[in-house]
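Visitor: Pasting a structure below so you can have a look.
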């Protein structure tokens with residue numbers, strides 16, 4: 005079987021369509037299971053009571069925000085290096101979902117901070133790094149939406165994403181350092197509760213659920229992007245019935 | 694299995710608030726995607742109709 | 004080639020002195036706004052001085068980035084530069100070098116005066132200047148990537164800010180951190196070393212990214 009034919013957006017469109025239910029349904033199931041374990045089986049935390057249960061959506065969202073950025077940079081890089089349109093379309097598709105998860109991480113982090121530490125926002129290393137990641141996503145999306153020529157947008161986004169992904173460790177390190185320096189007497193913020201088995205399971209199941217959800221949503225969006233950009237491909241008309 | 698305390702020990706607003714917001718974000722993403730898809734397929738069918746009409750007149 | 008590009012850009016900048024000077028005045032004005040905003044209490048001013056001066060330097064750098072490639076792009080010179088047999092890396096390095104000399108160096112020179120406004124000691128001023136000398140090249144180099152990516156776009160000046168400011172954050176943290184360390188009596192050398200490391204890495208890698216971005220923007 006020649007897999008390379010799926011590198012063409014026209015051929016990938018129906019494949020993506022068939023794949024989506026295989027990711028969407030397990031995602032929904034895992035969300036339900038994860039939340040069940042998280043709320044019905046995991047006990048209240050010793051320090052934080054029931055407030056810690058926000059962790060089951062906050063931590064997966066934060067991880068996925070970071071993971072999707074790397075994936076986006078990877079696809080953008082492939083699209084640039086091999087002149088592969090579909091890879092660039094995938095990058096553009098991932099960007100929005102990644103930004104959504106990062107924003108979710110910020111908001112749920114604020115919701116978690118208020119009851120545990122009294123303020124909606126704290127400038128600790130993790131929240132600040134997540135905020136900067138949000139800025140990087142916004143930069144990528146803004147750049148791509150400002151450029152009219154889709155190929156130029158793809159390649160410019162690739163340069164930006166690659167520069168960004170190389171800078172992320174540098175930014176993370178400098179923010180960590182900045183935070184430890186300025187912390188003084190304040191206690192470590194948003195410390196994860198001592199992980200009980202069921203808590204860990206719930207978090208991992210939610211992580212898997214978010215991951216499957218991301219794949220499904222990215223595939224749905226990339227189909228929209230393919231529709232928008234491949235208008236002139238003659239064979240496309242038959243395939244997208 | 695323990696039935697959870699629905700008020701989350703007083704933190705109900707924050708816990709349920711976060712999950713509601715997450716649900717809202719997911720729903721927003723799916724709804725906006727379906728709008729985008731609908732707009733695209735409508736545009737495509739209208740273009741096909743126009744192309745069909747153009748073929749009719751030229752043939 | 005490198006010398007020629009730097010010389011040419013310096014000549015062009017000299018003929019349009021107002022552009023470079025306006026960057027300088029922007030820097031001075033922004034720094035002066037902060038005491039007006041937070042009050043003249045000297046302790047407070049000394050504690051916010053490092054951050055204020057560095058953030059103003061970041062913003063002023065960004066303003067000058069728009070001019071880096073735009074003028075040459077508009078009159079077609081940039082396309083010709085892309086066609087020369089010399090490596091584009093050197094062209095970019097030359098242009099960024101000239102931009103640093105015309106836009107950043109004045110900032111470095113006037114920073115001590117602004118530091119005095121905020122009540123910083125002489126030793127701290129030295130650290131401020133050294134930090135700026137080590138850090139501003141990074142600002143120019145990374146900024147050039149943003150300038151190249153947004154070449155010819157509508158609203159490019161704001162877009163450059165969105166793209167480039169997150170990447171400036173490490174420079175800000177260590178630059179301001181160096182000054183602050185000195186104020187509280189800690190050694191600032193490690194911060195300056197890290198700034199120096201960032202500069203070296205930027206000089207090696209950033210022009211390559213900018214060259215790639217230029218080719219993408221001009222096709």
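Protein chains in written order, with our numbering: chain A, 5 to 245; chain B, 694 to 752; chain C, 4 to 222.
Just so it is clear, CB atoms sit at the ideal spot from N, CA and C, and this is done for glycine as well.
Since the model is a prediction, treat every value here as computed from it, not as a measurement.
Does DSSP classify residue 128/A as helix, strand or coil?
Guide: It is coil, neither helix nor strand.
Visitor: Cβ atoms of residue 131/A and residue 3/A: under 8 Å apart, would you say?
Guide: Residue coverage of chain A in this structure runs from 5 to 245, which leaves residue 3/A outside it and unanswerable.
Visitor: Quick one, which residues of the stretch 127-158 of chain A are near chain B if we go by CB-CB under 8 Å, in chain order?
Guide: Under the 8 Å Cβ criterion, the stretch 127-158 of chain A contributes no residue.
Visitor: What is the C-beta distance between residue 31/C and residue 117/C, in whole angstroms, given that I count them as a contact (C-beta under 8 Å)?
Guide: Yes, they are in contact, since the Cβ atoms of residue 31/C and residue 117/C sit about 7 Å apart, within 8 Å.
Visitor: Could you work out which residues of chain A lie near residue 748/B, taking near to mean beta carbons separated by less than 9 Å?
Guide: Under the 9 Å cutoff, chain A gives no residues; its nearest Cβ is about 12 Å from residue 748/B.
Visitor: Between the Cα of residue 153/C and those of 87/C, 72/C and 41/C, spot the shortest distance and give me the residue it belongs to.
Guide: Nearest option by C-alpha distance: 72/C.
Visitor: Rounded to whole angstroms, what is the Cα-Cα separation between residue 9/C and residue 106/C?
Guide: When rounded, the distance between both Cα atoms is 13 Å.
Visitor: For a quick check, are the C-beta atoms of residue 138/C and residue 174/C less than 8 Å apart?
Guide: Yes.
Visitor: Cα-Cα, which of 144/A, 7/A, 8/A and 29/A is closest to residue 100/A?
Guide: When each option's Cα is compared against that of residue 100/A, the closest is 144/A.
Visitor: List the DSSP bridge partners of residue 53/A.
Guide: Bridge partners of residue 53/A: 49/A.
Visitor: Can you tell me whether residue 6/C is helix, strand or coil according to DSSP?
Guide: The answer is helix: DSSP assigns residue 6/C an H, G or I state.
Visitor: From 12/C, 158/C, 57/C and 61/C, pick the residue whose C-alpha is nearest to that of residue 80/C; which is it?
Guide: Looking at the Cα atoms, 12/C is the closest of the given residues.
Visitor: Select from 88/A, 58/A and 29/A the residue whose C-alpha is nearest the C-alpha of residue 10/A.
Guide: When each option's Cα is compared against that of residue 10/A, the closest is 88/A.
Visitor: At least one CB of chain A closer than 8 Å to the CB of residue 726/B: is that the case?
Guide: It does: the Cβ of residue 726/B has a partner Cβ on chain A nearer than 8 Å.
Visitor: Relative to the alpha-carbon of residue 65/C, which residue among 45/C, 51/C, 185/C and 160/C has its alpha-carbon at the smallest distance?
Guide: With distances taken between Cα atoms, residue 65/C lies closest to 160/C.
Visitor: Mind listing the chain A neighbours of residue 711/B? Cutoff is C-beta to C-beta under 8 Å, in chain order.
Guide: Going along chain A in sequence order, the residues near residue 711/B (Cβ under 8 Å) are 58, 61, 62, 111, 112, 115 and 116.
Visitor: How about the stretch 106-124 of chain A and the stretch 157-175 of chain A: do they share at least three Cβ pairs that are nearer than 8 Å?
Guide: As far as the Cβ criterion goes, the stretch 106-124 of chain A does not touch the stretch 157-175 of chain A, which means the pair count is below three.
Visitor: Measure the beta-carbon distance from residue 74/A to residue 133/A and round it to whole angstroms, keeping in mind my assumption that it falls under 8 Å.
Guide: Actually they do not touch by this definition, with Cβ atoms about 14 Å apart.
Visitor: Quick test of your reading: residue 224/A and residue 13/A, contact by CB under 8 Å. State the CB separation rounded to the nearest angstrom.
Guide: Contact doesn't hold; Cβ gap of about 15 Å is too wide.
Visitor: Using a Cβ-based criterion (distance less than 7 Å to any ligand heavy atom), does residue 161/C qualify as near the ligand GDP?
Guide: In the structure shown, the ligand GDP is absent, as is every other ligand, since no ligand is present at all.
Visitor: Using 8 Å as the cut-off, can you tell me whether the stretch 89-105 of chain C makes contact with the stretch 176-184 of chain C, which would need three or more C-beta pairs spanning the two stretches below that distance?
Guide: Cβ pair count under 8 Å is below three, so no.
Visitor: Counting only beta-carbon separations shorter than 8 Å, does residue 30/C have a partner in chain A?
Guide: No, residue 30/C does not count as interfacial toward chain A.
Visitor: Following the continuous alpha helix (DSSP H) through residue 152/A, name the residue where it begins and the one where it ends.
Guide: Residue 152/A -> no alpha helix (DSSP H), and no H or E assigned at all.
Visitor: Suppose the cutoff is 6 Å on Cβ atoms and the five residues either side in sequence are ignored; what does the same chain contact list for residue 190/A look like?
Guide: Confidence at residue 190/A is low in this model, with a pLDDT of 43, below 50, so its placement is unreliable and the value that follows should be read with caution. For residue 190/A, where only same-chain residues beyond five positions count, there are no Cβ hits under 6 Å.
Visitor: Can you tell me whether residue 194/C is helix, strand or coil according to DSSP?
Guide: Residue 194/C: helix per DSSP, three-state reduction.
Visitor: Mind checking if residue 190/A is an interface residue toward chain C, Cβ cutoff 8 Å exclusive?
Guide: For residue 190/A, the predicted model reports a pLDDT of 43, less than 50, meaning its position is unreliable and no value from the coordinates is stated.
Visitor: Candidates 56/A, 95/A and 155/A: which alpha carbon is nearest residue 702/B's?
Guide: For the residues 56/A, 95/A and 155/A, the minimum Cα distance to residue 702/B belongs to 56/A.
Visitor: According to DSSP, simplified to helix, strand and coil, what is residue 695/B?
Guide: In the structure shown, residue 695/B sits in coil (DSSP, three-state: anything other than H, G, I, E or B).
Visitor: Could you work out which residues of chain A lie near residue 733/B, taking near to mean beta carbons separated by less than 8 Å?
Guide: Result: 228, 231 and 232.
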